[in-house]
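Q:
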Amino acid sequence: MRYKALSSTLFIDNRQRLATAIPAKSIAIVQSNPVFPANADAHLPYEPSSYILWLTGIQQAHTAVVMFPDAPREEWKEMLFIEKSTHLKALWEGERLSKEGAQAATGIQNVHFIEDLDSVVHQLSSHAENLALVINEHDRSDATELILGKKEAATWKTRYPLHNIVRLAPIFDALRCIKHSVEIDTLSKACAITKKGFMRALDIVKEGIYEYEVEAAITETFVRNGCGGHAYQPIIAGGKNACVLHYITNHKKLNDGDLLLMDFGADYAYYSADLSRTIPVNGKFSERQKELYTACLKVQKECIDIARPGITLQAYQLESKRIMMHALRQVGLVKASDDKEALKESHQYFPHGIGHYLGLDTHDVGSRFAELKPGMVLTVEPGIYVREEGIGIRIENDIVITMDKPNDLMADIPREVEEIEAIMAK
Numbered sequence: 000m001r002y003k004a005l006s007s008t009l010f011i012d013n014r015q016r017l018a019t020a021i022p023a024k025s026i027a028i029v030q031s032n033p034v035f036p037a038n039a040d041a042h043l044p045y046e047p048s049s050y051i052l053w054l055t056g057i058q059q060a061h062t063a064v065v066m067f068p069d070a071p072r073e074e075w076k077e078m079l080f081i082e083k084s085t086h087l088k089a090l091w092e093g094e095r096l097s098k099e100g101a102q103a104a105t106g107i108q109n110v111h112f113i114e115d116l117d118s119v120v121h122q123l124s125s126h127a128e129n130l131a132l133v134i135n136e137h138d139r140s141d142a143t144e145l146i147l148g149k150k151e152a153a154t155w156k157t158r159y160p161l162h163n164i165v166r167l168a169p170i171f172d173a174l175r176c177i178k179h180s181v182e183i184d185t186l187s188k189a190c191a192i193t194k195k196g197f198m199r200a201l202d203i204v205k206e207g208i209y210e211y212e213v214e215a216a217i218t219e220t221f222v223r224n225g226c227g228g229h230a231y232q233p234i235i236a237g238g239k240n241a242c243v244l245h246y247i248t249n250h251k252k253l254n255d256g257d258l259l260l261m262d263f264g265a266d267y268a269y270y271s272a273d274l275s276r277t278i279p280v281n282g283k284f285s286e287r288q289k290e291l292y293t294a295c296l297k298v299q300k301e302c303i304d305i306a307r308p309g310i311t312l313q314a315y316q317l318e319s320k321r322i323m324m325h326a327l328r329q330v331g332l333v334k335a336s337d338d339k340e341a342l343k344e345s346h347q348y349f350p351h352g353i354g355h356y357l358g359l360d361t362h363d364v365g366s367r368f369a370e371l372k373p374g375m376v377l378t379v380e381p382g383i384y385v386r387e388e389g390i391g392i393r394i395e396n397d398i399v400i401t402m403d404k405p406n407d408l409m410a411d412i413p414r415e416v417e418e419i420e421a422i423m424a425k
């Protein structure tokens, strides 16, 4: 393991929170993601289920958690199912987690092998009225046939047609939105390593190098500091490439006079950081670049300041659009005097939202209609994209909602014009 294992206290607390939220007489069944095939005899890199990670910290496939909080027998209240290690698997892939190791890592004492899952659930079923199942219900997911958990949910519904089905995703997501102190500490670590990646990029960026060379330097920094790699595909976009919001080819040469937009974040213990910074390739902003950058930075600071408990994420997004509209007027991009028309006009220069939830997933779970609460973690990432000028700017920090001013986990990562120019001049 590249990172220090998270304390089982986190997973015990998480399961207790879930247990109190599950409806009475419900068996909750949470299963790991499948292993997906690639070409020939290969498989895609395994992506653990964020729900299994949140409940147990276990990263391996063929894992399940069964919870029956009001079960008539104590040993049925929470159970873990893991893959049995075999000589062949140990030879080729390494030992699987043992029952004893699983108990120590998760705090779950009743551990079975995964082949016993069906028979154990059958044993419990006559004492329950509901099956609580989880599938990927993220509202930004574009999956249809391959929705994670859909096949497993259909199997359980077929097997127990007289049981009611309870949707676990909304329950999970409301809980996962409010981060445990251990999670905040882990996200802070991911942000600190992300800062190292940015500082490394500032060291090497110059005219003539390629975007992928910057990506390589950041990747090396992440791996050297115990990360699994990037939390998402990094965006290293020079010049007009920065006007493509999710530009990920990262293969062009950096040119004198261009800006370089970088959007990347470290994956530490499966928790995601998400940073955006925009810097001048030659180390010096032009007057126009500085004007637009300063406007974007001012918007970010205002948006961070208003991220307080009580406002919904949806309302926060709308208010950020109004703040950006006024900024775009000041730099001459939005001409309309009527605010309604000006908002429409500003969309071409700021076509995305101000941010999203952050956690085990980069675009973490949570409702945009829910009120912000202390412990929620958000990104704040205004952008200004002027295609006709070949300029794309985005500045992004990760913040924790508190009862007062937000806690900016990236406050020490340079973003002022003078800071960036001074560092690049060295």
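The sequence shown lines up with residues 0 to 425 when you count with numbering that gives the first Met the number 0. Beta carbons: idealized from backbone N, C-alpha and C, even for Gly. Owing to the predicted nature of the structure, the values given are computational and were not obtained by experimental measurement.
By Cβ distance, which residues of its chain are closer than 7 Å to I51, with the 5 residues on each side in sequence left out?
A: V29, S31, I57, T62, V64
Q: In chain order, what residues of the same chain lie with their CB nearer than 6 Å to the CB of N396, ignoring the 5 residues before and after it?
A: V379, D407, M409
Q: In the DSSP output, what is T311 paired with across the bridge?
A: E370
Q: Closest to E370 by C-alpha separation, out of P381, G207, T401, would be which residue?
A: T401
Q: Under 7 Å between C-beta atoms, does L52 make it to chain C?
A: Going by chain labels, chain C is absent from the structure shown, which holds only one protein chain.
Q: Should W155 go down as buried or exposed, given a rule of 16 or more other Cβ atoms within 10 Å for buried?
A: buried
Q: Report the CB separation of I278 from V204 in whole angstroms; it is logged as a contact under 8 Å.
A: Separation of the CB atoms of I278 and V204 is rounded to 6 Å, and the pair is thereby assigned contact status at 8 Å.
Q: Quick check on K426: does DSSP put it in helix, strand or coil?
A: There is no way to answer for residue 426, as the model of the chain reaches only from 0 to 425.
Q: Got a sec? Which residues, its chain only, sit under 7 Å from I422 by beta carbon, not counting five neighbours each side?
A: L201, P413
Q: When you compare only the Cα positions, how much space is there between A37 and E46?
A: 14 Å
Q: Output the boundary residues of the alpha helix (DSSP H) element that contains S118.
A: 116-124
Q: What three-state label does DSSP hand I113 in the structure shown?
A: Note: I113 maps to helix in three-state DSSP.
Q: Is R14 buried or exposed, if buried means 16 or more other CB atoms sit within 10 Å of its CB?
A: buried
Q: By alpha-carbon positions, which one of H126, A131, I392, K83 ends up nearest to E114?
A: Taking only the C-alpha atoms, the option nearest E114 is K83.
Q: By the 10 Å Cβ neighbour count, where 16 or more other Cβ atoms means buried, how is V376 classified, buried or exposed?
A: buried
Q: What do you get for L332, buried or exposed, if any count of 16 or more other CB atoms within 10 angstroms of its CB means buried?
A: buried
Q: When DSSP labels each residue in this structure, what does Y426 get in the three-state scheme?
A: Here the chain has residues from 0 to 425 only, and residue 426 is not among them.
Q: Is DSSP giving F80 helix, strand or coil here?
A: The answer is strand: DSSP assigns F80 an E or B state.
Q: Helix, strand or coil for F263? Go by DSSP, reduced to three states.
A: strand
Q: Do I394 and P405 come within 7 Å of each other at the CB atom, strictly closer than that value?
A: Going by C-beta atoms, P405 is not nearer than 7 Å to I394.
Q: Using a threshold of 7 Å, state whether the C-beta atoms of G264 and A230 are closer than that.
A: yes
Q: Using DSSP bridges, identify the partner residues of P36.
A: Partner residues in the beta bridge of P36, as assigned by DSSP, are H42.
Q: Would A18 and P68 qualify as a contact pair, given that the criterion is a beta-carbon distance under 7 Å?
A: Yes, Cβ-Cβ distance for A18 and P68 is below 7 Å.
Q: Sorted by chain position, which residues of the same chain lie with C-beta nearer than 7 Å to G106's C-beta, five sequence neighbours on each side aside?
A: Around G106: S7, F10, I11.
Q: Identify the continuous beta strand (DSSP E) that holds Q30 and give its terminal residues.
A: Here the beta strand (DSSP E) through Q30 covers 25-30.
Q: Whose C-beta lies closer than 6 Å to the C-beta of I419 among residues of the same chain, with five residues either side of it excluded?
A: Setting aside the 5 residues that flank it on each side, I419 is surrounded in the same chain by I278, P413, each with a C-beta closer than 6 Å to its C-beta; the list follows chain order.
Q: So which of D255, I183, T55, A70 has the shortest CA-CA distance to V120?
A: A70
Q: Note down, in chain order, each residue of its chain lying with its Cβ closer than 7 Å to the Cβ of R16, except the 5 sequence neighbours on either side.
A: For R16, where only same-chain residues beyond five positions count, the Cβ hits under 7 Å are L174.
Q: Buried or exposed: which applies to M323, given that a residue is buried once 16 or more other Cβ atoms fall within 10 Å of its Cβ?
A: With a 10 Å radius around the Cβ and a threshold of 16 neighbouring Cβ atoms, M323 comes out buried.
Q: Suppose you measure from the CA of Y348 to the CA of Y384; what does that come to, to the nearest Å?
A: Spanning the two alpha carbons is a distance of roughly 5 Å.
Q: Starting from P279, follow its DSSP beta bridges and name the residues at the other end.
A: L258
Q: In angstroms, rounded to a whole number, what distance separates the CA positions of Y355 and S25?
A: The identity of residue 355 in the sequence shown is His, whereas the question assumes Tyr. In this structure, the alpha-carbon of H355 lies about 31 Å from that of S25.
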